[in-house]
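Engineer: Submitted below is the structure of interest, expressed as structure tokens.
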Amino acid sequence: MAAPFHVGVFTPQGWKTELRSIPDPQDQWRRVVDTAVLAEELGYDSVWVYDHVHNVPVPSNESIFECWTTMAALSQVTSRIRLGQMVGCAGYRNPGLLAKITSNIDVMSGGRLEWGIGGGWYEHEYHAYGYPFPAAKERLGILRDTVEIVTRMWRDAEATYEGAYLSVAGAQCDPKPLQDPRPPIWIGGGGEQVTLRIVARLADCSNFGGKPDEWTHKRDVLREHCAAVGRDYDEITKTWSPELFVRETEAEIVEAGSQSFW
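Sequential numbering from 261 applies to the sequence shown in the numbering used here.
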């Protein structure tokens, strides 16, 4: 029997300057909300946001609505659709606070949180907001410690964890998430040596982009990591994030694709 096929959609948030044509910030926000509500009405399974504070491909002083405040708001205007981040940046928030934020969102939404997290990559944002931008090895270590801490705080009355980069001692997080045993954990990224090994150890869902043959290759690498760490490969939901362009003509689709940031 084939696995169920689920489709999610990003709501416009401003990161790719997709709100530029709307001059008023309140009207921009209404577009964010209206899109999420429409996605639910149309039967989409999930709605997603980014976790960025500067536009791409270069910072351009265009509106971007922040990830978790957007999640909180959307949790109150929807009732069925699941709410995810593709993906949160582990370096932008203290992991104990992130456990609290995610737990609250799961409660506020009635148990609809999909928790997405990654190591972070947009160096300009880090420097502009005063975050250190360490080497990839450390950023991925921070990602690993973050997932370990958040899952413990979701589960334990008082969580203690001493990692290579992050730690908590007797940290409490109440209320706990509603979902049993926990909200699904999505780890984004396709790094073959480290990221996919973290996915094999800690994630419920993976997400990587690229062309179909590239996605298939990453999937096979993930299978190898699962075998190495003793994880059932089929336990992990494998997902893909393509860009889809809807236009009147094929020429317009080609033109839109040629301007893609990816």
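Backbone N, C-alpha and C fix where the C-beta goes; we use that ideal spot for every residue, glycine too.
None of these values were measured; they are calculated from a predicted model.
Is it right to say L357 is buried, meaning 16 or more other beta carbons lie within 10 angstroms of its own, or is it exposed?
Structural biologist: exposed
Engineer: Look at the alpha carbon of N467 and the alpha carbon of G380, and state the distance between them as a whole number of angstroms.
Structural biologist: 14 Å
Engineer: Can you tell me where the beta strand (DSSP E) holding N364 begins and where it ends?
Structural biologist: That residue, N364, is in no beta strand (DSSP E); its alpha helix (DSSP H) goes P355 to M368.
Engineer: Please name the residue in S281, A332, L426 and V410 whose C-alpha comes closest to that of G401.
Structural biologist: L426
Engineer: Would you say E266 and D294 are within 8 Å of each other, going by their C-beta atoms?
Structural biologist: The amino acid occupying residue 266 in the given sequence is His; Glu does not appear at that position. Contact flag unset, no.
Engineer: Quick one: give me the first and last residue of the alpha helix (DSSP H) that I458 is part of.
Structural biologist: T455 to L462
Engineer: Which residue wins for smallest C-alpha separation from V489, given the options R507, K471 and V454?
Structural biologist: V454
Engineer: Between E374, F505 and E418, which has its C-alpha nearest D440's C-alpha?
Structural biologist: E374
Engineer: For K478, count neighbouring Cβ atoms within 10 angstroms of its own Cβ and tell me buried if that reaches 16, exposed if not.
Structural biologist: buried
Engineer: Output yes or no for whether 8 Å exceeds the beta carbon distance between D405 and G423.
Structural biologist: yes
Engineer: Within its chain, find whatever has a CB closer than 7 Å to the CB of R231; leave out the 5 residues flanking it on each side and keep chain order.
Structural biologist: It is not possible to answer for residue 231, since the shown part of the chain is limited to 261 through 522.
Engineer: Where does the unbroken beta strand (DSSP E) through Q345 begin, and where does it stop?
Structural biologist: R342 to Q345
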